[in-house]
Amino acid sequence: MPLPDFPSADQEVIHVHHNGANLGPFDGAKLTAMLEAGELSQEDPFWYPGMSDWIKLKQYPQLIDHFRAAQQPAAPPPPVPQSRDDQLDAIFGKLIDKSWAYLDEYNFASRIDEIFLGAVITATLDAGYNLIDLTSDGQNHYLRLENFDDNSRIVFRLNHFTGDLVSSNVIGQKARVMIGYGERVPNISTVLSALKAEFKSGLFVNAEPGSIVVDADVMSGYIYCQVDMFWSLDEIISRNYDIDHETLNEWIRASTNALRKYLRGRFAS
Amino acid sequence: MFGILNKFAHKSEMRESKDEMLIGEVVRAMSRQGYVTIAFQAHDDRQRVRFYAPQDPFLNSVWITLDRKTGTGMVSAALIGSKATLEIKAEIKNKMTDPDDLVAMFKTDLANMFKMPVIGGVKLNHEMNSVFATITKIIEIDNYVLKGDAGTQQLMSIISSAVTELSEKLRPFKKA
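Sequence order for the protein chains is A and B. Using the working numbering, the first residue of the first sequence is number 71, and each one after it goes up by one. Using the working numbering, the first residue of the second sequence is number 402, and each one after it goes up by one.
As structure tokens, then:
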């Protein structure tokens, strides 16, 4: 979620939710001091006027960086160039430095989907699954995973559609995600029943969030239930590349749990 | 009959998926070492993942490419196993701003352009702001997949020692 302009360091406008209580409003200096003293946590949500919702501090490290920068003494002036040639080299150097800063921003915006995909692989492997299929063209990514103990499968498709700086700064980092849960069924009649459901699912040109569609694979005997959603990648990946594995695990667990219940309820044999 | 068909299809699928299983374990193990994935190039028998090291002041990124050569079919898997090449490429970046440095780098770029990679040896390559070091190893995928943590640790020990070796080769080229 993009934030409104940060308050200046002396504005007492920042509210923090800590241990079940709303604290503040604080100015920037007080907020950074309390964080450094351990009186507040990076896990605490914050809010200031203009924000539409509370967000964890750790998701926007730029806010604290902004206040810390305001507390720093001003940098000493650069040395005076000794010649016209040195002067031009210094200007050229600054132009290149600024370009690197822009490129870093651009790279982060365009690579966040790959960072997210890696985090999904890690989360699902930690949950006992093995990666058995991976395809990617840079923007559309597809994973299939199987748990060899219970033969259940997870499929995950991600289509990143805010890979440029302008759209990601305006609406945040968004991706269309399809997550699916599959089980191997022991009899052909269940697979045929799922095939009928798959035919009906095919009538949805664009599945809306929450619509669960069915996919069946006769050869491997798997039935999958799948749901489309829009996920905010920047709720999981912060600008300094920190990954909120705990929240991502919960998202995947909640989605697969709902799909498992649907699959077993609908195709109970 | 349905069950037999399914089992056959499943076994065949698992045989073909061993390289993906290995890449999945590499992604998880690299994540535990502080790397994040920033690029995937995945084809049938060739997986390439680029890892970025946000907290590393020296290395910029590490590329790991797994190119499976044998073992996707039942016969070749039984006869010669699942052989693959594992290419590890480390990258350092020098954010050069001095025109004199750019001129010097241009000369080394040309000098490295036609060097060929050698199995087991380290190849260095300059490309403007980046310097790469690459090493290629031949591995047997079956030694590392479905072996639990022991298999992953064994593979990561190969990758970690390769990254250390490549870093040493790159160290003289890193500008302060």
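Note that CB positions come from ideal geometry on N, CA and C, so glycine has one too.
### Task
Below 8 Å CB to CB, which residues in the same chain sit around A:Glu113 once its five sequence neighbours on both sides are set aside?
Lys126, Leu127, Lys128
### Query
If you draw a straight line from the C-alpha of B:Ile540 to the C-alpha of A:Phe162, how long is it?
47 Å
### Message
Please tell me whether A:Leu329 and A:Val297 are closer than 8 Å, where the distance is taken between their beta carbons.
### Response
yes
### Message
In the DSSP output, which residue or residues are listed as bridge partners for A:Asp75?
### Response
The partner list for A:Asp75 (beta bridge, DSSP) is empty, contrary to what the question assumes.
### Query
Nearest-angstrom Cα distance between B:Ser462 and A:Phe337?
47 Å
#### Entry: Status (buried if at least 16 other CB within 10 Å, exposed otherwise) for A:His211
buried
### Query
With C-beta atoms as the reference, is A:Glu224 less than 8 Å away from A:Thr205?
Per the sequence presented here, residue 224 of chain A reads as Ile, with Glu not at that position. No, the Cβ-Cβ distance between A:Ile224 and A:Thr205 is not below 8 Å.
#### Entry: Exposure label - B:Lys576; buried when at least 16 CB within 10 Å
exposed
#### Entry: Alpha-carbon spacing of B:Lys419 relative to B:Ile493, whole angstroms
31 Å
### Query
Near B:Glu414, which residues of its chain fall below 6 Å by C-beta distance, leaving aside the five closest residues on each side in sequence?
none
#### Entry: Per-residue DSSP class, three states only, for A:Met248
strand
### Task
Would you mind listing the alpha helix (DSSP H) stretches within the region 183–260 of chain A that are 4+ residues and don't spill past its ends, in chain order?
235–241
### Closest by C-alpha distance to A:Asp287, when choosing among A:Asp196, A:Ala160, A:Gly233, A:Tyr251
A:Tyr251
#### Entry: Burial state of A:Gln157 (16 or more Cβ within 10 Å)
exposed
### Task
Please name the residues in the region 187–200 of chain A whose beta-carbon is closer than 8 Å to at least one beta-carbon of chain B, in chain order.
Leu187, Gly188, Ala189, Ile191, Thr192, Leu195, Asp196, Asn200
### Query
Residues in its own chain within less than 6 Å of A:Asn221 by CB, not counting five upstream and five downstream?
Arg254
### Message
Less than 8 Å between CB atoms is the rule here; does B:Val532 satisfy it with respect to chain A?
### Response
no
### Message
Run through the DSSP bridge pairs and tell me what A:Pro115 is partnered with.
### Response
A:Lys126
### Message
According to DSSP, is A:Pro95 part of a helix, a strand, or is it coil?
### Response
strand
### Message
In whole angstroms, give me the CA-to-CA distance for A:Asp285 and A:Leu215.
### Response
16 Å
### Query
Would a C-beta distance cut-off of 8 Å place A:His87 and A:Pro115 closer than the cut-off?
yes
### Task
Whole angstroms is fine: what's the gap from B:Ile560's alpha carbon to B:Gln554's?
10 Å
#### Entry: Cβ-Cβ separation, B:Lys490 to B:Phe533 (assumed contact under 8 Å), whole Å
6 Å
### Query
Between which two residues does the alpha helix (DSSP H) containing B:Lys578 stretch?
Residue 578 of chain B lies beyond the range of chain B shown here (402 to 577); nothing can be said about it.
### Query
What are the boundary residues of the beta strand (DSSP E) that includes B:Lys484?
484–494
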